[in-house]
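2 protein chains.
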Amino acid sequence: MKTLTLHEDPCSGNCYKIRLTAALLGKPLTRIAYDILKGETRTPAFLQNVNANGRIPVLQAGDRFLPESNAACWYLAEGSALIPGDAFGRADMLRWMFFEQYNHEPNVATLRFWLSIVGEAHLTAAQKEQIAGKRAGGEAALALMEEHLAGHGWFVGGSVTLADIALYAYTHVCEAGGFRLGDYPAVCRWLERVSALPGYVPMD
Amino acid sequence: MKTLTLHEDPCSGNCYKIRLTAALLGKPLTRIAYDILKGETRTPAFLQNVNANGRIPVLQAGDRFLPESNAACWYLAEGSALIPGDAFGRADMLRWMFFEQYNHEPNVATLRFWLSIVGEAHLTAAQKEQIAGKRAGGEAALALMEEHLAGHGWFVGGSVTLADIALYAYTHVCEAGGFRLGDYPAVCRWLERVSALPGYVPMD
Chain A
1 MKTLTLHEDP
11 CSGNCYKIRL
21 TAALLGKPLT
31 RIAYDILKGE
41 TRTPAFLQNV
51 NANGRIPVLQ
61 AGDRFLPESN
71 AACWYLAEGS
81 ALIPGDAFGR
91 ADMLRWMFFE
101 QYNHEPNVAT
111 LRFWLSIVGE
121 AHLTAAQKEQ
131 IAGKRAGGEA
141 ALALMEEHLA
151 GHGWFVGGSV
161 TLADIALYAY
171 THVCEAGGFR
181 LGDYPAVCRW
191 LERVSALPGY
201 VPMD
Chain H
1 MKTLTLHEDP
11 CSGNCYKIRL
21 TAALLGKPLT
31 RIAYDILKGE
41 TRTPAFLQNV
51 NANGRIPVLQ
61 AGDRFLPESN
71 AACWYLAEGS
81 ALIPGDAFGR
91 ADMLRWMFFE
101 QYNHEPNVAT
111 LRFWLSIVGE
121 AHLTAAQKEQ
131 IAGKRAGGEA
141 ALALMEEHLA
151 GHGWFVGGSV
161 TLADIALYAY
171 THVCEAGGFR
181 LGDYPAVCRW
191 LERVSALPGY
201 VPMD
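As you go down the protein sequences, you meet chains A and H in turn. Counting in UniProt numbering, the first sequence runs without a single skipped number right up to 204 at its last residue. Counting in UniProt numbering, the second sequence runs without a single skipped number right up to 204 at its last residue.
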């Protein structure tokens, strides 16, 4: 595999997913940090050379650039046990990863960013209007995870896959967005299983 | 492959993606329709038997259920030319599919749903507050597609992949959400290429 460079903001859970995947696989990553609060991913150089969408993370493999955290995790993990060996299992893993980006991240991650990183006093009126909706959406996502994990050790099959890594990243820090992990006991036990994996690295 | 059943609402672009993928591959699908405006995907029976997340589409393969439109497309297309043969290409295809669910669908599809299906007069105050933000987000997503398609015939590689199908579904009906396709000439040419594919089926 080509030299791997992660363009990241260390406070981003989306970036942490990629670091955690690489760590579990024992693949070295070079890290280049940007501060999204200072607009460092919206500069002309970043937009032209790294990601026209102005977002991190971007995984660089040699001279090619791959935006979108879950796509980068897929690239790192192809051919490994982090992706199920059967066709339905692979699709079911992607199902949870799309759920993560559609139902979980826009609620759970956004409230953490707004309330713990930007700060409630600095939010726009339009952002403040959305807090209640994002609270309800995030609680619904966590409740769906709880229901699934009450009967399963992992999201897909009998061992850790990228679905677990994708959902772990913002779930394990969700209390910074005002969610209460104590309401989700099966989720808490699963978080412990993830953090006990060989090669696990914590978020910065 | 097992018998395939699509649990869908025919007005949903997410459901159409799966129908279009199956049609391009020549795979027959049985269709079961639900009316989301009547809450037919939130009944106890639907939540217990089809999808605990209360959403369509769900692809049923034999007795197993697969929610999330892009995961269902992946399941149908594994081993076909709709998924690139090289590792970076596969990840890059997923990159555009995650972009579709994160940056495109919540803006472009939601405004179509709100303005053309629910109707602006029936929106809540909180929904009306979000129209301007979703307009800007949708225009940014379409502009990013335009920039890419100005230099490429397809999103990944030299032929149609699931990335094109995923992005086609809501882009080709985006004017129902108040977006102006005429502002995006490369997108318009790409839409014509998709609709000229052998086996193409239109949205209902």
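Glycine residues also receive a C-beta, built at the ideal position from the N, C-alpha and C atoms. Being a predicted model, the structure only gives us computed values, none of them experimental.
In its own chain, which residues sit with a C-beta less than 8 Å from the C-beta of residue i, not counting the 5 before and 5 after it?
i, result
"Ala150(H)", "Ala186"
"Leu20(A)", "Ile165, Tyr168, Ala169, Tyr200 and Val201"
"Asn51(A)", "His7, Thr41, Val58, Phe65 and Pro67"
"Trp96(H)", "Phe155, Val156, Ala163, Ala166 and Leu167"
"Gly158(A)", "none"
"Cys188(A)", "Leu181 and Gly182"
"Val118(A)", "Leu37"
If the criterion is Cβ atoms closer than 8 Å, does the pair residue i and residue j meet it?
i, j, result
"Leu59(H)", "Leu162(H)", "no"
"Gly54(H)", "Arg64(H)", "no"
"Glu120(A)", "Glu129(H)", "no"
"Lys17(H)", "Ala169(H)", "yes"
"Leu76(A)", "Ala22(A)", "yes"
"Gly177(A)", "Ser116(A)", "yes"
"Phe88(H)", "Asn70(A)", "no"
"Leu111(A)", "Gly133(A)", "no"
Can you grab the Cα-Cα spacing for the pair residue i / residue j, in whole Å?
i, j, result
"Val160(A)", "Asn103(A)", "21 Å"
"Gly79(H)", "Phe46(A)", "35 Å"
"Gly85(A)", "Asp164(H)", "26 Å"
"Ala61(A)", "Thr3(A)", "6 Å"
"Arg180(A)", "Thr171(A)", "10 Å"
"Thr5(H)", "Val156(A)", "22 Å"
"Trp154(H)", "Leu94(H)", "14 Å"
"Arg90(H)", "Trp74(H)", "11 Å"
"Pro198(H)", "His152(A)", "42 Å"
"Pro44(A)", "Leu37(A)", "16 Å"
"Ala136(A)", "His148(H)", "36 Å"
"Gly13(A)", "Leu123(A)", "20 Å"
"Ser195(H)", "Cys15(H)", "17 Å"
"Leu25(A)", "Phe113(A)", "28 Å"
"Ala140(A)", "Gln48(H)", "16 Å"
"Ile32(A)", "Leu144(H)", "24 Å"
"Asp204(H)", "Leu29(H)", "15 Å"
If you count every other CB in all the chains shown that lies within 10 Å of the CB of residue i, and 16 or more means buried, which is it?
i, result
"Lys27(H)", "exposed"
"Tyr200(H)", "exposed"
"Pro10(H)", "exposed"
"Glu100(A)", "buried"
"Asp92(A)", "buried"
"Ile56(H)", "buried"
"Glu192(H)", "exposed"
Below 6 Å CB to CB, which residues in the same chain sit around residue i once its five sequence neighbours on both sides are set aside?
i, result
"Glu40(H)", "Tyr34"
"Tyr184(H)", "Leu142 and Glu146"
"Cys174(H)", "Val108"
"Ile131(H)", "none"
Using beta carbons (cut-off 8 Å, strictly below), is residue i in contact with chain B?
i, result
"Gly153(H)", "The structure shown contains no chain B; the protein chains it does contain are A and H."
If you drop the 5 nearest sequence neighbours on each side, which residues of the same chain put their C-beta closer than 7 Å to that of residue i?
i, result
"Glu105(H)", "Tyr170"
"Glu190(A)", "A quick correction: the sequence has Trp, not Glu, at residue 190(A). If we look at Trp190(A) and ignore the five residues flanking it on each side, its Cβ neighbours are Leu149."
"Ala72(A)", "Ile18, Pro57, Leu59 and Leu66"
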